[in-house]
Amino acid sequence: MKKNEGKRECELKYKVQDNVEKIRLIEKLKSLGFKFNSNNLESDYTPDVEGFLCRENGLMLRFRVIEGTQNDVLITLKIKGKGKEFQDNYEIETLLSDFDINKFDAINNKLYEKTHQTIPVDVTKLRTIKDIREYLSEYGFSQHRMFSQKRRTEYLRGKGQKITIDEFPKGIGTFLEIETSTPEELFETVQMLGLDNKNLEKRNYGEIIKEKQKELSERERRTCIFDELMDVENER
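Residue numbers for the sequence shown follow the working numbering, beginning at 425 and rising by one.
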């Protein structure tokens with residue numbers, strides 16, 4: 425990847441078995457010097473073009489509305505890497521509160537290269553999933569790849585180490601997520617936390633949700649939101 429066109433993200437998830445284990449993991453994080461940073465509701469919308477060309481070309485475009493300690497919108501393009509034992513992606517992303525036109529242009533350049541579609545810059549004026557989804561559907565991004573929500577608690581250590589605890593609705597469960605910039609650091613962190621390998625998860629959240637909801641209709645499989653926030657989906 426060229427400079428300013430993305431950073432590598434190496435990622436694994438760990439399925440938290442119950443609330444007792446969740447508390448134990450939080451205490452472990454604190455003992456290792458991780459400090460609480462934020463607690464947010466994240467609503468993630470992943471659109472695609474006809475034929476799901478983003479997916480077919482190893483791209484994932486995501487709009488994340490963040491509400492809580494932080495209130496913002498994050499635009500991300502994930503570009504699939506070569507790692508097989510973990511989620512391996514290069515990410516180009518920009519927060520609307522700190523908008524970077526160069527990164528936005530880099531996202532569009534990669535989208536156009538693979539799909540001949542781009543996202544208009546006016547999408548940065550929107551702040552809700554409903555508005556973003558309706559707007560993008562008029563510009564070629566009409567396919568519903570995933571819409572999910574989670575309650576995310578973030579812990580940080582030093583300048584770059586981040587671990588989150590993510591709680592999903594509808595029985596999907598709770599996961600601890602580790603994100604690093606190298607595979608070596610990723611597996612060192614797994615070892616440091618003493619995580620059981622059998623509960624490690626290399627799939628992304630979209631894949632986990634679709635598998636858990638495989639008995640539902642296609643659109644329902646691709647939607648996972650909290651019941652008390654159901655109006656977000658009903659207003660589509």
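The C-beta atom is built at its ideal place from N, Cα and C for all residues, glycine as well.
Remember, it's a predicted structure, so these values are computed and weren't measured experimentally.
DSSP bridge partner residues for residue i (one or two, in chain order)
i: Glu-601; result: Lys-437, Thr-588
i: Glu-625; result: Lys-437
i: Lys-431; result: Glu-515
Cα-Cα separation between residue i and residue j, rounded to whole angstroms
i: Met-484; j: Leu-640; result: 23 Å
i: Arg-660; j: Glu-491; result: At Arg-660, the pLDDT of 42 sits below 50, so the modelled position is not reliable; the number obtained from the coordinates is stated separately. Using only the alpha carbons, I get a separation of about 20 Å.
i: Lys-427; j: Asn-621; result: Reliability of the predicted coordinates at Lys-427 is poor, the pLDDT of 48 falling under 50, and the value obtained from them is presented with this limitation in mind. Answer to the nearest angstrom: the Cα atoms are 35 Å apart.
i: Val-473; j: Val-545; result: 17 Å
i: Lys-454; j: Ser-462; result: 14 Å
i: Phe-571; j: Glu-466; result: 11 Å
i: Asp-496; j: Gln-573; result: 15 Å
i: Lys-446; j: Thr-598; result: 8 Å
i: Arg-486; j: Leu-501; result: 6 Å
i: Leu-674; j: Pro-471; result: Since the first and last residues shown for the chain are 425 and 660, residue 674 lies out of range.
i: Gly-457; j: Leu-477; result: 42 Å
i: Lys-626; j: Leu-600; result: 12 Å
i: Asp-651; j: Glu-644; result: 13 Å
i: Glu-631; j: Glu-609; result: 24 Å
i: Ile-393; j: Leu-619; result: This structure leaves residue 393 out entirely; the chain is present only between 425 and 660.
i: Glu-642; j: Phe-592; result: 19 Å
Expected contact under 8 Å - CB spacing of residue i and residue j to nearest Å
i: Ile-553; j: Tyr-469; result: 5 Å
i: Leu-366; j: Tyr-438; result: Any question about residue 366 goes unanswered here, given that the chain covers just 425 to 660.
i: Ile-596; j: Lys-636; result: 5 Å
i: Cys-434; j: Gly-507; result: 7 Å
Boundaries of the beta strand (DSSP E) in which residue i is found, first to last residue
i: Gln-567; result: 567 to 581
i: Glu-515; result: 511 to 519
i: Tyr-469; result: 459 to 472
i: Arg-486; result: 483 to 492
i: Thr-542; result: First-last for Thr-542: undefined, no H or E at that position.
i: Lys-504; result: 496 to 504
Buried versus exposed, by CB contacts within 10 Å (16 or more), residue i
i: Asp-590; result: buried
i: Ile-649; result: buried
i: Thr-647; result: buried
i: Asn-443; result: exposed
i: Val-440; result: buried
i: Glu-685; result: This structure gives no information on residue 685, because the portion of the chain shown stretches from 425 to 660.
i: Ile-525; result: exposed
i: Thr-606; result: exposed
i: Arg-557; result: buried
i: Phe-565; result: buried
i: Gln-511; result: buried
i: Arg-576; result: buried
i: Gly-430; result: buried
i: Phe-460; result: exposed
Segment limits, alpha helix (DSSP H) that includes residue i
i: Pro-607; result: 607 to 617
i: Lys-538; result: 525 to 539
i: Leu-449; result: 443 to 455
i: Asp-555; result: 553 to 561
i: Leu-477; result: 477 to 480
i: Arg-645; result: 642 to 645
Contact with chain B by residue i, beta-carbon distance below 8 Å
i: Lys-622; result: In the structure shown, chain B cannot be found, because there is only a single protein chain.
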